[in-house]
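Before any comments, here is the structure.
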Amino acid sequence: MKKYGVMAVTALLAAQCFLPVLAQEIQKKDKKTIEIETIPIKTKEVTIDNIVMEEEQSFPNPEDYIPVLMYHHFRTDDVPDGDGANMHIREFEEQLQALQEAGYETIFLSELNEILLQKIEEKNAGVTQPELHLNQKYVVITIDDGYRSNYELAYPLLKKYNMKANISVITSRIHTGYIYSTKEIEKMSWENLNEMQQSGLVEIYSHTYDHKPVENRMYTDVRSSVEKGEQMLDKELQQRSKTSVLTYPNGNYRKEISVMMRAYMGFDLQLTTNSDVVNRNTSILEIPRITVNSGTGKDLISKIHLTAEKTFLK
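Quick note on numbering: the sequence shown equals residues 7 to 320 in the numbering used here.
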């Protein structure tokens with residue numbers, strides 16, 4: 007599309023206003039020899055509506071990256087200011103609507119893994135730019151911990167809008183006799199998790215057995231928490247995703263731990279809370295995610311764009 011600057015637009019509008027006056031003056035000076043006709047330049051009326059302005063392209067192009075969003079607990083009552091782990095369910099619905107209106111398609115982590123594997127092959131073949139060059143705007147919704155509100159409040163909205171989500175659960179706290187502390191929020195049951203997964207709109211992954219952050223723990227200790235979590239998922243879920251995913255508690259990890267988790271336990275993807283978007287340079291050992299706080303759908307879209315800009319400017 008041809009792009010016109012402000013000065014060009016001003017000149018065109020000025021010309022439009024001046025031409026009728028010029029025609030009248032010519033008619034007055036020589037009525038005998040000049041036959042007044044529609045002046046050629048006016049055969050197509052020039053107005054601001056006729057000027058084709060180039061639509062601004064966002065940087066980077068949304069088809070060149072994938073945002074992975076992180077949610078936790080949903081509520082129907084007011085959420086205190088600054089509470090990043092809770093969201094009013096009305097805001098969640100508004101954000102789902104905004105994502106759809108912006109043209110995003112939700113995908114599973116298993117689908118993200120397939121995309122990244124293909125891009126790794128391309129990178130090994132010599133493709134070095136960070137862009138993914140997809141033919142669609144994709145977004146991944148992840149929800150951590152396994153709160154009951156995921157089933158009672160969020161799941162109905164996923165069905166309403168036919169959108170996918172990935173839930174990482176703390177397996178020891180799913181309704182099997184676990185005793186909650188006074189500050190803990192109730193989690194889902196295995197029946198809830200199986201129902202959601204059978205719907206085809208939810209995939210279930212591990213947030214470890216006990217939700218202990220990696221910090222300075224030994225690999226064997228961390229692996230024990232992870233193995234117990236995987237064993238419970240194998241036992242209680244009617245089906246498992248073909249992709250294995252580890253979601254680190256509080257996003258806390260160490261690179262040497264992530265390398266060993268890949269080498270010895272075979273995890274395809276490992277989720278962190280690093281604030282970036284996924285591009286061709288993203289490591290499958292450290293998938294970044296955008297923490298979603300309370301806000302409007304417009305706020306979410308803006309946050310995605312700003313995070314993408316930051317990622318590509320690194």
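Just so it is clear, CB atoms sit at the ideal spot from N, CA and C, and this is done for glycine as well.
Asked                                                                                                        : Found
Buried or exposed (CB count within 10 angstroms, at least 16 for buried), residue 152                        : buried
Sequence-distant residues of its chain with Cβ nearer than 6 Å to residue 274 (five each side left out)      : 119, 249, 250
C-beta contact flag for residue 4 and residue 176 at 9 Å                                                     : Only positions 7 to 320 of the chain appear in the structure, and residue 4 is not among them; the question remains open.
Where residue 93 falls: helix, strand or coil (DSSP)                                                         : strand
Residues bridged to residue 296 (per DSSP)                                                                   : 75
Assigned secondary structure, residue 131 (DSSP; H/G/I helix, E/B strand, else coil)                         : coil
Straight-line gap, residue 196 to residue 232 (C-alpha atoms, nearest Å)                                     : 18 Å
Bridge-paired residues (DSSP) for residue 180                                                                : DSSP, once it has assigned bridges, lists no residue as partnering residue 180.
Residue interval of the alpha helix (DSSP H) (run including residue 227)                                     : 225-242
Ranges of the beta strand (DSSP E) found wholly within the segment 254-300, counting only runs of at least 3 : 275-277
Option in 218, 268, 164 with minimal Cα separation from residue 235                                          : 218
Beta-carbon proximity list for residue 318, same chain, < 6 Å, skipping 5 on both sides                      : 66
Opposing strand residues paired with residue 151 [DSSP bridges]                                              : 175
Euclidean distance between Cα positions of residue 278 and residue 296                                       : 10 Å
Reference residue 167; option with closest CA among 181, 178, 207                                            : 207
Backbone secondary structure at residue 111 - three-state DSSP                                               : strand
Straight-line gap, residue 192 to residue 312 (C-alpha atoms, nearest Å)                                     : 34 Å
Inter-stretch contact at 8 Å, needing at least 3 Cβ pairs: the segment 101-112 / the segment 137-147         : yes
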